[in-house]
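If you read the sequence shown in the numbering used here, its first letter stands for residue 21, the second for the next number, and so on.
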Amino acid sequence: MAQNSGKPASGVEASKFMNSIQQDKRNRQEEVNTLLRLIYETKPEKILDVGCGRGRYLIPLLEQGFNVTGVEINGAQVKSLPEQYRDQVISPDQAIQLQETFDLIIMSHVIEHIEIKDFIDFMDSYLRLLRSNGWLMIATPLLYEGFYDDYDHVKPYTHKAIATLYSDNTQFQKKPKYRLNLTYVWFRIWPLKLSDYPGEAVWRVHLKQVANKFLEALYYLSGRIISRRTGWIGAFQKVE
Numbered sequence: 021m022a023q024n025s026g027k028p029a030s031g032v033e034a035s036k037f038m039n040s041i042q043q044d045k046r047n048r049q050e051e052v053n054t055l056l057r058l059i060y061e062t063k064p065e066k067i068l069d070v071g072c073g074r075g076r077y078l079i080p081l082l083e084q085g086f087n088v089t090g091v092e093i094n095g096a097q098v099k100s101l102p103e104q105y106r107d108q109v110i111s112p113d114q115a116i117q118l119q120e121t122f123d124l125i126i127m128s129h130v131i132e133h134i135e136i137k138d139f140i141d142f143m144d145s146y147l148r149l150l151r152s153n154g155w156l157m158i159a160t161p162l163l164y165e166g167f168y169d170d171y172d173h174v175k176p177y178t179h180k181a182i183a184t185l186y187s188d189n190t191q192f193q194k195k196p197k198y199r200l201n202l203t204y205v206w207f208r209i210w211p212l213k214l215s216d217y218p219g220e221a222v223w224r225v226h227l228k229q230v231a232n233k234f235l236e237a238l239y240y241l242s243g244r245i246i247s248r249r250t251g252w253i254g255a256f257q258k259v260e
């Protein structure tokens with residue numbers, strides 16, 4: 021088994037890492053703006069933000085005057101919120117006891133942390149709180165080279181898989197209690213990329229770096245048409 025030499029990463033590796041971070045930040049902000057736009061368009065009176073974290077959506081929505089309740093399992097994340105917003109956040113155990121309904125539920129970067137065997141029960145526990153014809157907004161990554169760098173990521177789910185699961189399709193052994201209709205999907209896109217592998221010859225690594233620069237140029241020159249999908253946002257409406 022290869023061992024860490026303890027040497028710092030090379031300048032090339034550090035540069036690649038920083039470029040990846042900057043690319044992720046740009047794409048994440050575009051994703052946030054897209055999801056907020058969808059929420060504003062639906063004009064919900066009551067919102068449940070499941071997995072609200074540090075308030076990426078909770079805070080701007082509250083500041084816009086929306087009635088928002090956040091759900092967060094990580095106490096450290098809740099404590100990181102500005103004090104005036106903490107009372108708006110409840111635990112998952114408190115959420116499943118709620119008797120009220122919401123016009124819109126947000127699940128941003130949540131479902132990829134859920135095992136297949138737990139998925140339907142998890143979703144049903146929150147869809148119970150969504151009113152008929154209400155909206156479920158899901159944002160989640162697809163499988164790409166950085167997906168499993170997050171230790172908590174267990175599975176990428178596609179919009180088609182969820183739309184099929186919550187349709188009238190009868191092929192599944194276990195069916196959800198509720199139905200959803202996918203009305204809109206947006207994709208997060210990145211430049212095409214050739215991945216590096218441990219132990220590759222140096223010349224192959226350098227060749228891929230040149231190729232990736234070319235692919236990145238094609239991404240921008242094509243107006244981002246030549247690209248790959250690394251995540252998606254789906255707007256699902258609950259069917260009566």
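Quick reminder that beta carbons are idealized off the backbone N, C-alpha and C, glycines included.
Remember, it's a predicted structure, so these values are computed and weren't measured experimentally.
Bridge partners for Ala159 per DSSP, in chain order? In the sequence shown, the residue the question calls residue 159 occupies position 139. Answer is Ser128 and Ile253.
Glu260 beta carbon less than 8 Å from that of Thr189: Here the question's residue 189 lines up with position 169 in the sequence shown. Here the question's residue 260 lines up with position 240 in the sequence shown. In the sequence as presented, Thr is not what sits at residue 189; that position holds Asn. Cβ distance not < 8 Å, so Asn189 and Glu260 don't count as in contact.
Find the nearest neighbour of Phe192 within the set Tyr171, Lys213, Tyr60 and Ile136, judged by alpha-carbon distance. Here the question's residue 192 lines up with position 172 in the sequence shown. Nearest of Tyr171, Lys213, Tyr60 and Ile136 to Phe192, Cα basis: Ile136.
Is Tyr171 a contact residue of the ligand SAH, with contact defined as CB to any heavy atom under 7 Å? Absence of the ligand SAH is noted for the structure shown, with no ligands found whatsoever.
What are the uninterrupted segments assigned as alpha helix (DSSP H) that are 4 or more residues long and contained completely in the stretch 63 to 112, given in chain order? 78 to 83 and 95 to 100
Considering only the beta carbon of each residue, do Arg151 and Asp123 sit closer than 8 Å? Position 131 of the sequence shown, counted from the start, is the residue given in the question as residue 151. Position 103 of the sequence shown, counted from the start, is the residue given in the question as residue 123. Going by C-beta atoms, Arg151 is nearer than 8 Å to Asp123.
According to the Cβ coordinates, are Thr178 and Ile131 closer than 8 Å? Position 158 of the sequence shown, counted from the first residue, corresponds to residue 178. Position 111 of the sequence shown, counted from the first residue, corresponds to residue 131. No; because the gap between Cβ atoms is not below 8 Å, this pair is not in contact.
Is DSSP giving Phe167 helix, strand or coil here? The count along the sequence shown starts at 1 and reaches residue 167 at position 147. The answer is helix: DSSP assigns Phe167 an H, G or I state.
Going straight from the alpha carbon of Tyr239 to that of Arg249, what length do you get? Indexing the sequence shown from 1 puts residue 239 at position 219. Indexing the sequence shown from 1 puts residue 249 at position 229. Answer to the nearest angstrom: the Cα atoms are 12 Å apart.
Other residues of its chain near Trp252: CB distance less than 7 Å, five sequence neighbours each side excluded: Taking the sequence shown and counting its residues from 1, the one referred to as residue 252 is at position 232. Hits under 7 Å: Thr160, Leu162, His179, Val205, Trp206, Phe207 and Arg208.
Residues of its chain near Phe167, where Cβ-Cβ distance is below 7 Å and the 5 sequence neighbours each way are ignored: Within the sequence shown, the letter at position 147 stands for residue 167. Excluding sequence neighbours, Phe167 sits near Pro161, His173 and Pro176.
Close-in-space but distant-in-sequence residues of the same chain around Gln1 (CB under 8 Å, 5 per side omitted): What the structure shows of the chain is the stretch from 21 to 260, and residue 1 is not part of that stretch, so it cannot be assessed.
Would Arg199 and Ser215 be called neighbours here (beta carbons separated by less than 8 Å)? Here residue 199 refers to the residue found at position 179 of the sequence shown. Here residue 215 refers to the residue found at position 195 of the sequence shown. No, they are not a contact pair.
Buried or exposed for Ser128, please, with buried defined as at least 16 other CB atoms from any protein chain shown within 10 angstroms of its CB. Taking the sequence shown and counting its residues from 1, one reaches residue 128 at position 108. The residue is buried, with at least 16 neighbouring Cβ atoms inside 10 Å.
Starting from the Cα of Arg106, find the closest Cα among Gly73, Phe86 and Asp138 and give me that residue. One-based indexing of the sequence shown puts residue 106 at position 86. Arg106 has its Cα closest to that of Gly73, out of Gly73, Phe86 and Asp138.
For Arg208, which residues does DSSP report across the bridge? Counted from its first residue, the sequence shown places residue 208 at position 188. Paired residues: Gly251.
Identify, in the order they occur along the chain, each residue of the same chain with its Cβ nearer than 7 Å to the Cβ of Lys66, setting aside the five sequence neighbours on each side. Taking the sequence shown and counting its residues from 1, the one referred to as residue 66 is at position 46. Asn87, Phe122 and Asp123, listed in sequence order.
Give me the Cα-Cα distance between Ser111 and Ile134, rounded to the nearest whole angstrom. Taking the first residue of the sequence shown as position 1, residue 111 is located at position 91. Taking the first residue of the sequence shown as position 1, residue 134 is located at position 114. So the two alpha carbons sit approximately 17 Å from each other.
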